[in-house]
Amino acid sequence: MSSLGKKPCILQIVGYQNSGKTTAAGNIIRYLTQRGYKVGSFKHHGHGGTPRLPEDKDSTRLLEAGAVLSGVSGGGVFALSTSLPLNWIDLCRWLDIDVLLIEGYKQKDYDKIVCIRGRDEIDLLKKLSHVEAIVSWIPLPDEKNVFSIDDRRYCEWVARYIENKRKG
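Residue numbering for the sequence shown follows this note's numbering, beginning at 909 and increasing consecutively.
As structure tokens, then:
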């Protein structure tokens, strides 16, 4: 059995619906990728029900028939579906991922960037652990590491955060 690679630096992006999580995650992924990082991402499907299966009809039919793992590959894309419990960290280590961005899963104990759209969402900051930074649509002068949703300096902050974590 081959040994697993390094453990990725893990950072969550959390917030209420339409707070800018996916926008911020996309900006961070682009920024880090341009700087040579190998970035993985997972998103919690928080809209109720089961996430949509891959559009490929054959692999979906095999999964629905009882396969615990089904995938499809083509054009440089590999889509995988499984009903098995999956350890994200081991998967990322196996793939030698540098950074893992997790969108959602608010109650997990990883360091977080919280997205805030309006004043009615500020209570989230008190409900969560490990809040390291905030990407906000509104001014939050009493909080630390606050970045405007329109100012992508949060991407630079994430790169510095990762480097500090890697140094130990």
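C-beta: ideal position from N, C-alpha, C; glycine also.
Alpha-carbon to alpha-carbon, residue j and residue i
{"i": "Ala-987", "j": "His-1038", "result": "32 angstroms"}
{"i": "Lys-1034", "j": "Gly-982", "result": "45 angstroms"}
{"i": "Val-922", "j": "Arg-1027", "result": "16 angstroms"}
{"i": "Ile-1046", "j": "Ser-1056", "result": "7 angstroms"}
{"i": "Val-980", "j": "Thr-990", "result": "12 angstroms"}
{"i": "Glu-1040", "j": "Leu-970", "result": "42 angstroms"}
{"i": "Ser-910", "j": "Leu-999", "result": "Summary for Ser-910: the model assigns pLDDT 45, below 50, so the residue's position carries little reliability, and this model does not support an answer."}
Proximity of residue i and residue j at Cβ, strictly below 9 angstroms
{"i": "Lys-1091", "j": "Ile-1024", "result": "A question about residue 1091 goes unanswered here, because the residues of the chain that appear run from 909 up to 1076."}
{"i": "Arg-1001", "j": "Lys-914", "result": "yes"}
{"i": "Ile-1021", "j": "Leu-919", "result": "yes"}
Beta-bridge pairing of residue i - partner residues as DSSP gives them
{"i": "Thr-990", "result": "Leu-977"}
Among the options, the one whose alpha carbon lies nearest that of residue i
{"i": "Glu-1071", "options": "Thr-931, Asn-926, Val-1007", "result": "Val-1007"}
{"i": "Gly-974", "options": "Glu-1064, Leu-992, Val-985", "result": "Leu-992"}
{"i": "Asp-1019", "options": "Glu-1051, Gly-984, Tyr-1069", "result": "Tyr-1069"}
{"i": "Gln-1015", "options": "Leu-999, Leu-1032, Ile-1005", "result": "Leu-1032"}
Run of the beta strand (DSSP E) containing residue i, from where it starts to where it stops
{"i": "Leu-923", "result": "The amino acid occupying residue 923 in the given sequence is Gly; Leu does not appear at that position. Start and end: 917 to 923."}
{"i": "Leu-1009", "result": "1007 to 1011"}
{"i": "Ile-1024", "result": "1020 to 1024"}
Host alpha helix (DSSP H) of residue i (start-end)
{"i": "Leu-1032", "result": "1032 to 1035"}
{"i": "Lys-1073", "result": "1061 to 1075"}
{"i": "Leu-940", "result": "929 to 942"}
{"i": "Ile-997", "result": "996 to 1002"}
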